[in-house]
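Following: one structure in structure tokens, then a few remarks.
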Amino acid sequence: MKNKFKFLAFAALLIGSISACKKDDLPEVNEDELITTVTLRFTNTANANDVVTVTARDVDGDGGNAPVIGPLNLRPNTSYNLSVSQILDETENPAEDIREEIVEEDYEHLLVYTATPSNLITLNITDRDRNNLPVGLAGTATTGAAGTGTLTVTLKHQPDGLKNGTATPGSTDFEFTFPLNVSSPR
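Take the sequence shown: its letters are residues -22 to -1, 1 to 164, numbered as in mature numbering (1 follows the signal peptide of the UniProt record, and there is no 0).
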């Protein structure tokens, strides 16, 4: 009887210790968003009626057909307010508004603007996340002298504390290169 009691006590202890060990929950995987459409809006600070909107659309995502990217036509030596008015995943029905997600998770996202040549346009990001780091959904843009080049817009996804205000860490959610024309209207 004593052995039976010891055996049952040992079995209960063993079962208790095994059931107490559980696998930790796996960390949430935050996948990069599929983005098919990006629309930028430039509003002349001296004339609110002078608004330039440009869209890049890649309806099938990476690979497949080439994206359709509109030209960005701005006046020389002019200041603009910049806003990203749309970031969509149009593979969903209805289209998913990714811009809302970026606003909600601004501490994990950074829009990066790169002009080539760099003197064609200067961009400054004015919106900040909760850690006072740039987001890039709003900003100012100032054009230089007349010329042509490109403006590359890249959305970086920087989760889990990677965001440091630079474009280096994280993965790329999208990258579109707009033809940039800085010239006087005809």
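Think of the CB as a built atom: it goes at the ideal place given N, C-alpha and C, for glycine as much as any other residue.
Could you round the C-beta distance between residue i and residue j to whole angstroms and report it? I think they count as a contact, below 8 Å.
{"i": "V16", "j": "V62", "result": "7 Å"}
{"i": "D67", "j": "D84", "result": "Wrong, their Cβ atoms sit about 18 Å apart, outside the cutoff."}
{"i": "T128", "j": "P157", "result": "6 Å"}
{"i": "L52", "j": "V160", "result": "5 Å"}
{"i": "K141", "j": "L101", "result": "In fact, because the Cβ distance is near 19 Å, the residues do not count as touching under 8 Å."}
{"i": "T118", "j": "K134", "result": "Not a contact, Cβ separation roughly 20 Å."}
Give the DSSP bridge partners of residue i, in chain order.
{"i": "A34", "result": "V16, I47"}
{"i": "G125", "result": "V160"}
{"i": "A119", "result": "Y58, L101"}
{"i": "I65", "result": "V16"}
{"i": "Y29", "result": "Before going further, note that residue 29 is Val rather than Tyr in the sequence given. Answer by DSSP bridge pairing, in chain order: T21."}
{"i": "A93", "result": "L129"}
{"i": "L52", "result": "V160"}
{"i": "K134", "result": "L88, T150"}
{"i": "D75", "result": "L66"}
{"i": "R106", "result": "P112"}
{"i": "T155", "result": "T130"}
Among the options, which residue has its Cα nearest to the Cα of residue i?
{"i": "N109", "options": "I47, D151, G139", "result": "G139"}
{"i": "residue 176", "options": "G114, I47, G125", "result": "Since the first and last residues shown for the chain are -22 and 164, residue 176 lies out of range."}
{"i": "G42", "options": "T14, I76, G143", "result": "T14"}
{"i": "Q136", "options": "V90, V160, T155, L101", "result": "V90"}
{"i": "L50", "options": "T33, T56, I103", "result": "T33"}
{"i": "L59", "options": "A73, A123, T23", "result": "Reading the sequence as shown, one finds Asn at residue 59 and not Leu. Answer by Cα proximity: T23."}
{"i": "I47", "options": "T150, T130, H87", "result": "T130"}
{"i": "G114", "options": "A93, P147, I80, P54", "result": "I80"}
{"i": "A93", "options": "E78, I65, G122", "result": "G122"}
{"i": "F152", "options": "A145, T132, T144, G143", "result": "T132"}
{"i": "F154", "options": "N27, I65, H87", "result": "I65"}
{"i": "P147", "options": "A116, I103, E86", "result": "E86"}
Within 10 angstroms of the Cβ of residue i, are there 16 or more other Cβ atoms? Answer buried if so, exposed if not.
{"i": "P95", "result": "exposed"}
{"i": "E82", "result": "exposed"}
{"i": "P45", "result": "buried"}
{"i": "D40", "result": "exposed"}
{"i": "V7", "result": "In this prediction, V7 has a pLDDT of 46, which is less than 50 and means its spatial position is unreliable; nothing more can be read from the coordinates."}
{"i": "D36", "result": "buried"}
{"i": "T56", "result": "buried"}
{"i": "D38", "result": "exposed"}
{"i": "E78", "result": "exposed"}
Under 7 Å: does the beta carbon of residue i sit that close to some heavy atom of the ligand SAM?
{"i": "I99", "result": "Questions concerning the ligand SAM fall outside what the structure shown contains, since it holds no ligand whatsoever."}
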